[in-house]
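Note that the sequence shown covers residues 336 to 507 in our numbering.
C-beta atoms are modelled at their ideal positions from N, C-alpha and C, and glycine is treated no differently.
Since the structure comes first, as structure tokens, the remarks are kept for the end.
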Amino acid sequence: MLAYLLALHCGMRRGEILALKWDCVDFKNKKLYIKQSLVMSGTKLSFQEPKTEGSKRVIAISNYIVAELQNHKVEQSLVSDLVFSTANGTPYYPRNLLRDFYKCIERIGVARIRFHDLRHTHATLLLKNGENVKVISERLGHSKSSFTLDVYSHVLPDMQQQAADKMEELLL
336 MLAYLLALHC
346 GMRRGEILAL
356 KWDCVDFKNK
366 KLYIKQSLVM
376 SGTKLSFQEP
386 KTEGSKRVIA
396 ISNYIVAELQ
406 NHKVEQSLVS
416 DLVFSTANGT
426 PYYPRNLLRD
436 FYKCIERIGV
446 ARIRFHDLRH
456 THATLLLKNG
466 ENVKVISERL
476 GHSKSSFTLD
486 VYSHVLPDMQ
496 QQAADKMEEL
506 LL
């Protein structure tokens, strides 16, 4: 499902994905504008501003994600202004997304992970592949790069060795 791809490719939170509207998808410039989040309080759904000022952000997307979003829009037949909605155009319940996610994991036979782990995988893969921590922090909507480094410090020991090996390669 496209929602899983957005979490993995863009580092978006579940509520941000479920609140994403088509007018916040810029196909031409390959950008997503994160302006709100879908929050469940008891049994009531509501759209709210993101957690922090930094959570309101613009995320660059790849050609692959642009194509997937375009295909999804055609399949959806503009039932709703939401990218993800029920068949009658109402918001998709966060719990239903999780149920579908866990069924998908079970069906393909991989270890069960939390939906939020897709976001963590996004950040970890970018860090391990040398992406600038400021860019990663912006993609995740963290207010400070130091927070990103604190959360993903488990990745740093391997990166220290890579840096030492790279310096040896550069200098010797």
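Three or more Cβ pairs drawn from the stretch 387-400 and the stretch 336-356 lie within less than 8 Å of each other, which places the two stretches in contact.
Separation of residue 371 and residue 442 (C-alpha to C-alpha, rounded to the nearest whole angstrom) is 32 Å.
Residue 478 has its alpha-carbon roughly 25 Å from the corresponding atom of residue 376. As the crow flies, the alpha-carbon of residue 456 is around 25 Å from that of residue 362. Contact holds between the stretch 349-360 and the stretch 414-430, because three or more Cβ pairs, one in each stretch, are under 8 Å apart. According to the DSSP assignment, residue 437 belongs to the alpha helix (DSSP H) that extends over 429-443. The continuous alpha helix (DSSP H) containing residue 454 extends over residues 451-463. Along the stretch 363-439, the beta strand (DSSP E) occurs as fully enclosed runs of 3 or more residues at 366-369, 372-376, 379-383, 392-395, listed in sequence order. It is roughly 43 Å from the alpha-carbon of residue 465 to the alpha-carbon of residue 423.
In the three-state reduction of the DSSP assignment, residue 469 falls in the helix class, which pools H, G and I. Nearest to residue 467 by alpha-carbon distance, out of 453, 454, 483, is 483. For residue 369, the closest of 444, 463, 386 by C-alpha to C-alpha distance is 386. In summary, residue 454 is buried, with 16 or more beta-carbon neighbours lying within 10 Å of its beta-carbon over all protein chains present. Annotation: the continuous alpha helix (DSSP H) that includes residue 344 extends over 337-345.
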